[in-house]
Amino acid sequence: MKYLVVGGAGYIGSHMVKHLLQAGHDVVVADIAPTGPGIEWVELDIANAQALDALFAECRFDAVFHFASHIQVGESVADPDKYYHNNVAATLTLLEAMIRARIKYLIFSSSAAVYGDPHYTPIDEAHPKAPINPYGRSKWMVEQILQDFDRAYGLKSVSLRYFNAAGADPDGQLGECHEPETHLIPLILQAASGRRQAITVFGHDYDTPDGTCIRDYVHVADLASAHELAVQYLLAGGDTTAFNLGNGQGFSVQAVIETARAATGQRIEVIEAPRRDGDPARLVADASRARELLGWAPRFAGLETIVGHAWGWEQRYPWR
Ligand code: UDP
1 MKYLVVGGAG
11 YIGSHMVKHL
21 LQAGHDVVVA
31 DIAPTGPGIE
41 WVELDIANAQ
51 ALDALFAECR
61 FDAVFHFASH
71 IQVGESVADP
81 DKYYHNNVAA
91 TLTLLEAMIR
101 ARIKYLIFSS
111 SAAVYGDPHY
121 TPIDEAHPKA
131 PINPYGRSKW
141 MVEQILQDFD
151 RAYGLKSVSL
161 RYFNAAGADP
171 DGQLGECHEP
181 ETHLIPLILQ
191 AASGRRQAIT
201 VFGHDYDTPD
211 GTCIRDYVHV
221 ADLASAHELA
231 VQYLLAGGDT
241 TAFNLGNGQG
251 FSVQAVIETA
261 RAATGQRIEV
271 IEAPRRDGDP
281 ARLVADASRA
291 RELLGWAPRF
301 AGLETIVGHA
311 WGWEQRYPWR
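Numbering follows this note's numbering, in which position 303 of the sequence shown is assigned residue number 303; successive positions increment by one, without gaps.
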């Protein structure tokens with residue numbers, strides 16, 4: 001198959017590209033940032049309709065994977081226009097170009113943020129969608145657009161609602177590198193490696209056993225395998241839908257720090273801070289639908305493995 005990976009230079013996108021290339025597919029990356037060597041990269045902003053039309057005139061893609069999005073909840077509250085502009089309006093431009101080029105299949109990076117504050121856990125796909133910040137709303141808006149575009153234009157899509165993407169390439173070639181970094185596991189490991197003094201823990205007074213927030217961490221390589229299964233599902237005639245991607249097991253911030261201490265042998269200093277705005281106490285996925293309908297079977301479900309791979313990446317890479 002010939003696939004376009006939009007946002008393929010980013011954290012999850014780059015793991016997707018590696019996964020698709022290893023499976024023998026033909027892959028082109030469209031991104032504003034460059035990819036690693038040996039990957040076909042087109043410098044392209046999906047807000048640019050003409051550039052998309054030119055690319056689609058040149059290459060006949062069987063499907064598009066769309067990872068290009070802003071992802072910081074706090075920033076989305078402070079600057080919602082940036083989020084609606086990029087995550088919604090630019091995605092609309094991409095969808096319009098796909099329809100013009102008669103590309104029928106899209107895999108979309110969505111988020112557990114579409115659910116907002118959970119009414120129950122684990123969260124299944126039927127849980128009410130009530131996002132509590134512009135980031136989550138931008139993802140839910142695109143999901144609704146995708147439902148309408150299937151009905152009206154026959155564009156088939158799968159939205160994958162990630163819980164907490166984490167870990168790094170087991171071969172050590174790829175990993176997480178956000179600027180600025182805001183995610184828990186890389187920040188803890190930066191404290192372990194000495195790139196940072198300490199990890200700041202947001203909130204010790206949640207209604208959880210140790211008072212810190214509980215999240216469902218899912219390995220980035222397992223996310224990549226779910227995307228490939230999702231495109232196979234569409235190519236086999238599957239209907240537009242959404243799946244949760246998580247392991248169904250929650251770990252507290254404190255538990256993640258303990259796991260990182262064991263994995264790294266480092267003390268890892270903790271600074272206690274107040275709650276971060278918009279953080280629900282507990283987010284855990286019921287991903288049984290992806291397991292049943294897609295046949296998804298995460299290979300790296302254990303927190304020790306996820307943290308171990310992320311530690312391999314933190315130690316190997318050239319920021320020191
Ligand atoms: N967190 C924390 N300190 C940090 C970053 C995150 O205590 O420096 C907590 C955060 O409050 C949340 C969990 O770690 O409960 C996971 O946060 P992250 O930003 O990694 O992912 P999110 O759950 O926001 O998607």
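Using N, Cα and C, we set each Cβ at its ideal position, and we do this for glycine too.
Top-ranked residue by Cα proximity to residue i, from the options
i, options, result
"residue 38", "17, 49, 62", "17"
"residue 30", "8, 293, 312", "8"
"residue 199", "15, 261, 141, 2", "261"
"residue 87", "180, 135, 22", "135"
"residue 66", "95, 84, 41", "95"
"residue 115", "127, 232, 105, 104", "127"
"residue 207", "293, 21, 281, 141", "281"
"residue 10", "22, 220, 185", "220"
"residue 137", "233, 81, 184", "81"
Close beta carbons around residue i, own chain, < 6 angstroms, minus the five adjacent residues each side
i, result
"residue 246", "163, 216, 218, 285, 287"
"residue 263", "307, 308, 311"
"residue 52", "97"
"residue 313", "168, 175"
"residue 1", "25, 62"
"residue 69", "87"
"residue 170", "309"
"residue 321", "The structure shown does not extend to residue 321, since the chain is modelled only from 1 through 320, so no value can be given for it."
"residue 194", "none"
Short Cβ contact (7 angstroms threshold) for residue i with residue j
i, j, result
"residue 56", "residue 90", "no"
"residue 254", "residue 210", "yes"
"residue 248", "residue 122", "yes"
"residue 161", "residue 109", "no"
"residue 6", "residue 71", "no"
"residue 268", "residue 165", "no"
"residue 230", "residue 158", "yes"
"residue 172", "residue 275", "no"
"residue 224", "residue 19", "yes"
"residue 54", "residue 93", "no"
Other residues of its chain near residue i: CB distance less than 8 angstroms, five sequence neighbours each side excluded
i, result
"residue 201", "212, 253, 254, 257, 270, 271, 272, 273"
"residue 196", "187, 190"
"residue 133", "73, 76, 77, 113, 278"
"residue 14", "8, 35, 36, 174"
"residue 291", "297"
Burial state of residue i, where buried means 16 or more other Cβ atoms lie within 10 Å
i, result
"residue 265", "exposed"
"residue 298", "buried"
"residue 60", "exposed"
"residue 43", "exposed"
"residue 143", "buried"
"residue 237", "exposed"
"residue 125", "buried"
"residue 24", "exposed"
"residue 178", "exposed"
"residue 320", "Residue placement at residue 320 cannot be trusted, given a pLDDT of 44 that sits under 50; what the coordinates show is reported in the next sentence. Exposed."
"residue 83", "buried"
"residue 222", "buried"
"residue 182", "exposed"
"residue 105", "buried"
"residue 32", "exposed"
"residue 300", "buried"
Delimiting residues of the beta strand (DSSP E) encompassing residue i
i, result
"residue 200", "199-202"
"residue 15", "It is not in any beta strand (DSSP E) - residue 15 instead sits in the alpha helix (DSSP H) that spans 11-22."
"residue 162", "156-162"
"residue 31", "26-31"
"residue 242", "241-245"
"residue 106", "105-111"
Cut-off 7 angstroms between Cβ atoms - residues of its own chain near residue i, not counting five sequence neighbours on either side
i, result
"residue 99", "153, 155"
"residue 240", "146, 147, 150, 156, 157"
"residue 251", "214, 215, 217, 303"
"residue 28", "4, 40, 42, 59"
"residue 227", "16, 65, 107, 160"
"residue 117", "132, 280"
"residue 119", "127, 128"
Alpha helix (DSSP H) segment containing residue i, residue limits
i, result
"residue 313", "303-316"
"residue 227", "220-235"
"residue 153", "134-153"
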